[in-house]
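These notes concern the structure reproduced below.
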């Protein structure tokens with residue numbers, strides 16, 4: 053069962069961002085992703101996979117993209133549509149079987165969705181199909197080596213997730229090209245935020261953002 057299909061989970065999903073720590077984490081994650089957006093020299097059509105309640109959809113629209121946002125959870129999409137995000141279109145669709153023609157999008161983005169998919173290879177195959185040559189793939193990941201990763205089984209949602217180590221992420225993305233990685237959300241063992249402190253480098257980051265440009269010469 054997909055836990056995100058539960059109406060209660062969907063309705064309460066954004067509550068984290070309303071807390072003091074949630075706002076801090078959100079600020080850090082968006083700052084990290086914004087660093088990568090600077091490498092994309094245009095603002096055009098973006099496909100967002102696993103859009104959930106539209107939290108990141110709003111951000112991408114604010115950054116100038118026209119977003120087609122998909123998710124398999126009708127409950128999550130219902131919450132997203134309530135936000136009335138003008139530059140976004142929400143569709144019920146599976147990231148492993150997308151209803152789009154080949155090379156439809158200049159950018160494909162997804163923030164912490166791959167942790168909850170059954171087959172990451174199917175996602176990448178579909179991403180490769182719908183992404184234009186020389187297009188950009190922007191992903192956010194949860195780090196298996198972080199304090200969050202070490203203790204994920206204590207969390208009702210994360211215990212269903214599969215986190216990824218940085219070397220795994222680089223390996224997955226190497227098919228498309230050479231990825232750029234940026235890091236943030238450094239949790240201490242007691243889950244205090246250590247970002248921008250002298251203790252930041254004593255722990256692994258919980259959040260990893262990656263950008264890779266699809267290399268049309270990779271198979272030649």
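Residue numbers (this note's numbering): 53 to 272. Glycine is no exception: its CB is placed at the ideal position from the N, C-alpha and C atoms.
The alpha helix (DSSP H) spanning residue i covers which residue range?
i, result
"residue 87", "72–89"
"residue 202", "199–202"
"residue 128", "126–133"
"residue 178", "172–182"
"residue 212", "Taken as a continuous stretch (DSSP letters only), residue 212 belongs to no alpha helix (DSSP H), as it is neither H nor E."
"residue 112", "107–114"
Compare the C-alpha of residue i against each of the options and name the closest.
i, options, result
"residue 256", "188, 262, 247", "247"
"residue 118", "145, 97, 221", "97"
"residue 95", "102, 135, 86", "86"
"residue 252", "188, 244, 238", "238"
"residue 262", "235, 244, 245, 249", "235"
"residue 226", "215, 135, 173", "173"
Less than 8 Å between the C-beta atoms of residue i and residue j, yes or no?
i, j, result
"residue 232", "residue 88", "yes"
"residue 167", "residue 266", "no"
"residue 127", "residue 106", "no"
"residue 137", "residue 109", "yes"
"residue 198", "residue 258", "yes"
"residue 176", "residue 216", "no"
Looking only at DSSP bridge pairs, what is residue i linked to?
i, result
"residue 98", "119, 159"
"residue 169", "Per DSSP, none; premise fails for residue 169."
Starting from residue i, follow the beta strand (DSSP E) in both directions and report where the run begins and ends.
i, result
"residue 232", "232–236"
"residue 143", "140–144"
"residue 206", "From DSSP, residue 206 is part of no beta strand (DSSP E); its letter is neither H nor E."
"residue 92", "From DSSP, residue 92 is part of no beta strand (DSSP E); its letter is neither H nor E."
"residue 137", "Element bounds for residue 137: n/a, residue is neither H nor E."
Assuming residue i and residue j make a contact with CB atoms under 8 Å, what is their CB distance in whole Å?
i, j, result
"residue 159", "residue 182", "Rounded, the Cβ-Cβ distance is 11 Å, inconsistent with contact."
"residue 260", "residue 195", "5 Å"
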